[in-house]
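These notes concern the structure reproduced below.
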Amino acid sequence: MSRAILPVLSVVAVIVAIWYAACVPMNIHSAVTIAERAGIAVTPEGARERRQVGAFALAAQNPQVWGTTFQQDKPRLPAPHQVVVELWETTALKNVTSKRSLVFHGWITLSATLVGFAIGSVAGIVLAIGIVHSRAMDMSVMPWAIASQTIPILAIAPMIIVVLNSIGVQGLIPKAVISAYLSFFPVVVGMVKGLRAPSGMDLDQMQTWSATRTQTFFKLRLPSSVPYLFASLKIGIAASLVGAIVGELPTGAVRGLGARLLTGSYYGQTIQIWSALFATAILAALLVAIVAGVEKLTLRRMGVRT
Amino acid sequence: MTLPRSEEPVVSAKGLDLTFQTNDGPVHALKGVDLDIEKGEFVSFIGPSGCGKTTFLRCIAALEQPTGGTLSVNGMTPEAARQARAYGYVFQAAGLYPWRTIAANIRLPLEIMGFSRAEQTERVARVLDLVDLAGFGGKFPWQLSGGMQQRASIARALSFDADILLMDEPFGALDEIVRDHLNEELLKLWSRTGKTIGFVTHSIPEAVYLSTKIVVMSPRPGRITDIIDSPLPRERPLDIRDSADFLAIAHRVRDGLRAGHAYD
């Protein structure tokens with residue numbers, strides 16, 4: 016573990032360095048304009064002339080303004096430290112009930128994610144059990160499950176929200192439904208594979224003991240499927256988070272990480288967008304890590320060599 | 013359930029046929045198989061692959077349905093015999109569940125058959141002792157060698173006191189030294205328990221060393237070409253394999269295999 020720290024930190028350092036380097040050409044036009052207004056000599060003079068000059072050329076001609084590309088209010092590309100500061104200010108320094116707190120918005124999205132994940136996982140498991148035990152369900156449900164995932168979620172999310180709204184369902188539930196829509200599929204596929212994992216010999220053996228289908232299911236198929244289930248749940252929970260955020264976009268929601276992304280883009284608040292993106296990524300990583308932890312505990316209890 | 017009278021064979025096959033319909037036409041896995049297995053016998057089935065030795069064992073266990081002829085187990089149909097727990101079946105792979113300890117694996121058929129908790133514990137301890145695995149009940153399968161896993165698998169097949177033990181190449185995946193040892197152990201177990209054993213193998217020395225009756229089979233169609241009643245005593249040390257009697261039987265088995273095999 017400790018031997019891996021140096022390479023991991025090196026990769027992070029390289030990514031941050033590339034990010035900082037990218038800030039210069041991305042933000043150079045506005046940086047030069049601001050500098051000119053402040054009376055600093057720039058080349059070429061005049062916004063119109065500069066429009067003809069490429070970002071790299073302009074950056075090369077004006078090294079004196081590079082510093083300001085990292086500290087603008089509305090940069091095209093915020094610098095890493097600006098995102099970190101914004102993340103810190105909107106999480107640790109804000110009251111969690113404040114509308115400006117990312118913890119507040121994160122919880123709104125997280126609650127929809129968790130409800131959707133629960134619905135999606137249960138639905139996925141139930142469908143998989145049906146598919147494994149019934150040939151009719153295998154042939155009728157599986158194609159629809161696959162078809163459901165070929166429809167872009169951005170296209171179907173507004174419809175789900177409108178339809179549910181028309182029957183008076185608002186708030187958390189429509190977002191959870193979209194989450195469930197995205198997360199049930201990996202669970203179905205993984206569980207079908209897992210429930211079918213026992214070999215012909217394993218099933219023959221059950222038959223020699225005159226085991227019922229129920230006994231075969233609980234004593235053989237279900238335990239066999241556990242490793243597959245966890246692999247699916249890890250994909251499912253990340254997909255759930257995406258679903259909840261997508262569910263916040265078409266309603267013009269005012270609360271949630273999706274809403275932060277949306278309002279950020281309305282008002283050109285790039286720092287806010289990036290900090291919401293990072294909050295989302297961190298949240299996804301935490302959720303996947305929690306599922307992985309439960310997986311590890313479960314498999315260890317099941318005697319799997321670790 | 014009617015108990016068989018002592019003179020009745022435990023397994024009786026008359027004119028048994030089994031034909032699989034495949035895309036390349038019918039495959040005669042078994043054709044006209046007549047065989048009686050008496051109580052307490054150790055019967056080996058030997059022959060090249062495709063001769064139907066495993067298929068015949070699977071028919072006895074009602075894992076395959078014969079397409080012709082009659083087959084009775086303890087005087088019943090194979091299905092009824094299975095319901096009456098007539099046999100334990102040992103497959104080529106130990107088939108232990110990795111998420112269950114050895115004891116819990118052996119307990120599995122007992123759970124399925126609805127034995128009481130106390131009786132499960134008592135039986136598991138007894139059969140673990142029988143296969144010399146006492147003290148290994150709490151281990152997981154991966155902590156045991158291949159030979160020990162197969163012994164656990166045999167213990168599991170013995171746990172519910174079936175009179176018949178059906179074994180499908182149970183030691184086929186093990187190395188020769190482990191195999192010799194397990195063969196010796198199996199003979200001891202057989203003389204201690206008085207089970208009737210049906211044993212599929214492709215090893216001539218194994219078949220001759222273990223069996224009171226050797227059934228030589230050949231493929232296309234799967235049929236019996238020779239049935240040899242072994243004159244060897246029931247008590248068999250490993251060095252019996254150098255005796256003249258042993259070599260004579262082995263020779264006869266080899267001849268039978270050669271005669272039934274077309275080498276095409």
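Protein sequences appear in the order of chains A and B. So the first sequence is numbered by the working numbering: it starts at 16 and just counts up by one. So the second sequence is numbered by the working numbering: it starts at 13 and just counts up by one. Glycine is no exception: its CB is placed at the ideal position from the N, C-alpha and C atoms.
Is residue i helix, strand or coil when you go by DSSP?
i, result
"B:T82", "strand"
"B:F103", "coil"
"B:H40", "strand"
"B:F10", "For residue 10 of chain B there is no data in the structure shown, the boundaries of chain B being 13 and 276."
"A:D217", "helix"
"A:I30", "helix"
"B:R283", "Because chain B is modelled from 13 through 276, residue 283 of chain B falls outside the range shown and cannot be assessed."
"B:F57", "strand"
"B:P16", "No answer about B:P16 holds up, because its pLDDT of 48 lies below 50 and its placement is not dependable."
"B:K200", "helix"
"B:D144", "coil"
"B:F32", "strand"
"A:L21", "helix"
"B:D276", "For B:D276, the pLDDT reaches just 47, beneath the cut-off of 50, and the residue's location in the model is therefore unreliable, although a value from the coordinates is still provided. Note: B:D276 maps to coil in three-state DSSP."
"A:L108", "coil"
"A:S163", "helix"
"B:T237", "strand"
"A:G10", "Outside the displayed range of chain A (16 to 321) lies residue 10 of chain A, so it cannot be described from this structure."
"B:D48", "strand"
Could you compute how far the alpha carbon of residue i sits from the alpha carbon of residue j?
i, j, result
"A:G183", "A:Q287", "32 Å"
"A:E263", "A:A172", "9 Å"
"B:T187", "B:T237", "The sequence as given places Asp at residue 187 of chain B; Thr does not occur at that position. Straight-line Cα distance between these residues: approximately 29 Å."
"A:V303", "A:A127", "16 Å"
"B:P231", "B:D29", "13 Å"
"B:E52", "A:I250", "Note that residue 52 of chain B is Gly in the sequence shown here, rather than Glu. One C-alpha to the other measures close to 56 Å."
"A:V27", "A:S194", "31 Å"
"B:P249", "A:V203", "56 Å"
"B:V220", "B:A262", "6 Å"
"A:S247", "A:L210", "13 Å"
"B:P21", "A:M154", "47 Å"
"B:D276", "B:Y101", "In this prediction, B:D276 scores a pLDDT of 47, lower than 50, which makes its location untrustworthy; the coordinate-derived value is nonetheless stated afterwards. Cα to Cα, B:D276 sits roughly 33 Å from B:Y101."
"B:P233", "B:F32", "11 Å"
"A:Y281", "A:G61", "28 Å"
"A:V147", "A:T112", "47 Å"
"A:P265", "A:A294", "20 Å"
"B:M13", "B:A93", "Because B:M13 carries a pLDDT of 44, less than 50, the predicted location of this residue cannot be relied on, and no value is offered for it."
"A:I176", "A:V156", "24 Å"
"B:Q9", "A:G318", "Since the first residue shown for chain B is 13 and the last is 276, residue 9 of chain B is missing from the structure and cannot be characterised."
"A:S181", "A:I188", "13 Å"
"A:Y243", "A:M206", "6 Å"
"A:M152", "A:G145", "6 Å"
"A:K208", "A:K190", "28 Å"
"A:K234", "A:V241", "12 Å"
"B:K200", "B:A169", "16 Å"
Label residue i either buried or exposed according to how many other C-beta atoms from any shown protein chain fall within 10 Å of its C-beta, with 16 as the threshold for buried.
i, result
"B:G37", "exposed"
"B:N35", "exposed"
"B:G147", "exposed"
"B:D175", "buried"
"A:F119", "buried"
"A:P22", "exposed"
"A:G271", "buried"
"B:P243", "exposed"
"B:F8", "The shown model of chain B, from 13 to 276, leaves out residue 8 of chain B, and the question about it has no answer."
"A:D88", "exposed"
"A:S239", "buried"
Could you list which residues in chain B have their beta carbon closer than 7 Å to that of residue i, in chain order?
i, result
"A:V203", "Here the premise fails: no neighbours, minimum Cβ distance about 23 Å."
Once the 5 residues before and after residue i are set aside, which same chain residues still bring their CB inside 6 Å of it?
i, result
"B:V143", "R163, I166 and A167"
"B:D241", "K225"
"B:G27", "G44 and G81"
"A:S290", "V98, E101 and L102"
"B:S84", "S24"
Report the neighbours of residue i on chain A: residues whose CB is nearer than 9 Å to its CB, in chain order.
i, result
"B:I118", "What B:I118 touches in chain A: nothing, since even the nearest Cβ is about 12 Å away."
By Cβ distance, which residues of its chain are closer than 7 Å to residue i, with the 5 residues on each side in sequence left out?
i, result
"B:G184", "Q104"
"A:F132", "S194, S198, G251, I252 and S255"
"A:I33", "none"
"A:D217", "L235"
Tell me which same chain residues have a C-beta within less than 8 Å of the C-beta of residue i, skipping the five on either side of it?
i, result
"B:I189", "none"
"A:S116", "T105, T106, K109 and N110"
Taking C-beta pairs closer than 7 Å, name the residues in chain A that residue i reaches, listed in chain order.
i, result
"B:A105", "M216"
"B:Q161", "The contacting residues do not exist; B:Q161 stays about 14 Å from chain A at best."
"B:P121", "W224"
List the residues of chain A that residue i touches, going by C-beta distances under 8 Å, in chain order.
i, result
"B:M286", "Residue numbering for chain B in the displayed model covers 13 to 276; residue 286 of chain B lies beyond these limits and cannot be assessed."
Who are the neighbours of residue i on chain B, taking C-beta pairs under 9 Å?
i, result
"A:Q185", "Near A:Q185 there are no residues of chain B at all, since even the closest Cβ is about 44 Å away, more than 9 Å."
Taking Cβ-Cβ distances shorter than 8 Å, what residues in chain B pair up with residue i?
i, result
"A:V319", "P110 and W111"
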